[in-house]
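Line by line, the protein sequences give chains A and B. Per the numbering used here, the first sequence starts with residue 1, numbered consecutively. Per the numbering used here, the second sequence starts with residue 1001, numbered consecutively.
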Amino acid sequence: EVQLVESGGVVVQPGGSLRLSCAASGFTFDDYTMHWVRQAPGKGLEWVSLISWDGGSTYYADSVKGRFTISRDNSKNSLYLQMNSLRTEDTALYYCSKDNGGPGRSDAFDIWGQGTMVTVSS
Amino acid sequence: DIQMTQSPSSLSASVGDRVTITCRASQSISSYLNWYQQKPGKAPKLLIYAASSLQSGVPSRFSGSGSGTDFTLTISSLQPEDFATYYCQQSYITPPITFGQGTRLEIK
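Right under this line is the structure:
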C-alpha cells in the first residue's frame, strides 16, 4: 500500500523551531519529487515547498522562504521540513505529498499523508 | 504569481444533479490544471490532472475540461459521497504552485 505518514507536529511558541518528518512506503521514494502543503484551520490549501527526487533542487513559497528548509533521506524513505522562526500564521495542518510525475515534476499531488498539526502560540 | 479563482465559493445541490464548478487563472496556464476533492477531516484527493485526465480509481462521473484560463469540473450525477470541498490548482508556472480558494458543495 502506498502510504505517507507525517509526524512531529506540536504546540510551539512564536520564534521557536520544529522539524516535521514524513515516512514513505509502498513506492520507490527516490523516483519522485516530494512536496509539503499546509492548511490553516478552516482555510484553503497552500503549497509550502518541494524537493526534487535527488534533493538537488528545492523551492519554497515566499511566506516561508528563509525560515523553512526541506530535505530528504532516500536511504530512509523520509522527507523532512525544518521550520525556524515560527510565526502564529504558520499554524496549520502540514501535509506531505507525492508528486504525480516521475523524475520530472508534474507539480500535481497524487498521494497525501494524513497531516500533522503545527500550532504556533504563546 | 498565478492567481486561481473558483466560482461559486459554495453550492447547494441534490443527489442526482449535474454540477459544474469553474476555475479561472489570472493568465494562461495551457492545460496545467488539477482538481482535488477534500472531505472534512481528510486529506485532499487528486481527481483530475492536466485539465481532463481522470486519476486512477476516480469514478467516471467526474470530468474536467478547459484550457488557457478557464476550466470546469463537472460531476454528471451527484452521489452522497461527493459532498465535499473542491480545489483547483495550477502546475504551469511554478513555483509557486497555487490553489483556488475552494468550492464547498453542500446537500440541498
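The C-beta atom is built at its ideal place from N, Cα and C for all residues, glycine as well. Source: prediction; values computed, not measured.
I'd like the span of the beta strand (DSSP E) that includes Leu81 of chain A, first residue to last. Start and end: Ser78 to Met83.
Residues bridged to Gly1066 of chain B by DSSP? For Gly1066 of chain B, which the question treats as bridged, DSSP gives the partners B:Phe1071.
Buried versus exposed call for Gln1090 of chain B [16 or more other C-beta atoms within 10 Å across all chains shown]: That one is buried.
What residues match up with Trp112 of chain A in a beta bridge as DSSP calls it? Residue pairing by DSSP places Trp112 of chain A opposite A:Ser97 in a beta bridge.
Length-filtered (3 minimum) beta strand (DSSP E) runs lying within the stretch 20-97 of chain A: Uninterrupted beta strand (DSSP E) stretches at least 3 residues long and entirely within the stretch 20-97 of chain A occur at 34-39, 45-51, 58-60, 68-73 and 78-83, given in chain order.
Span of the beta strand (DSSP E) holding Ser1010 of chain B? From DSSP, the beta strand (DSSP E) with Ser1010 of chain B extends over Ser1010 to Ala1013.
Alpha carbon to alpha carbon, how far is Glu110 of chain A from Pro14 of chain A? The sequence shown places Asp at residue 110 of chain A, rather than the Glu named in the question. Cα atoms of Asp110 of chain A and Pro14 of chain A: separation of roughly 33 angstroms, rounded to the nearest angstrom.
In the DSSP assignment, find the unbroken beta strand (DSSP E) run with Thr1085 of chain B in it and report its ends. Per DSSP, the unbroken beta strand (DSSP E) holding Thr1085 of chain B starts and ends at Thr1085 to Gln1090.
Which first and last residues belong to the beta strand (DSSP E) in which Leu1078 of chain B is found? Leu1078 of chain B -> no beta strand (DSSP E), and no H or E assigned at all.
Are the stretch 1067-1076 of chain B and the stretch 66-84 of chain A in contact at 8 angstroms, needing three or more beta carbon pairs? Not touching, per the Cβ criterion.
Drop a sphere of 10 angstroms on the beta-carbon of Lys43 of chain A, count the other beta-carbons inside from all chains shown, and report buried for 16 or more, exposed for fewer. By the 10 Å Cβ count, Lys43 of chain A comes out exposed.
Closer than 7 angstroms by beta-carbon distance: list the chain B residues that pair up with Trp112 of chain A, in chain order. Those are Ala1043 and Pro1044, listed as they occur along chain B.
Buried or exposed (CB count within 10 angstroms, at least 16 for buried), Ser97 of chain A: It counts as buried.
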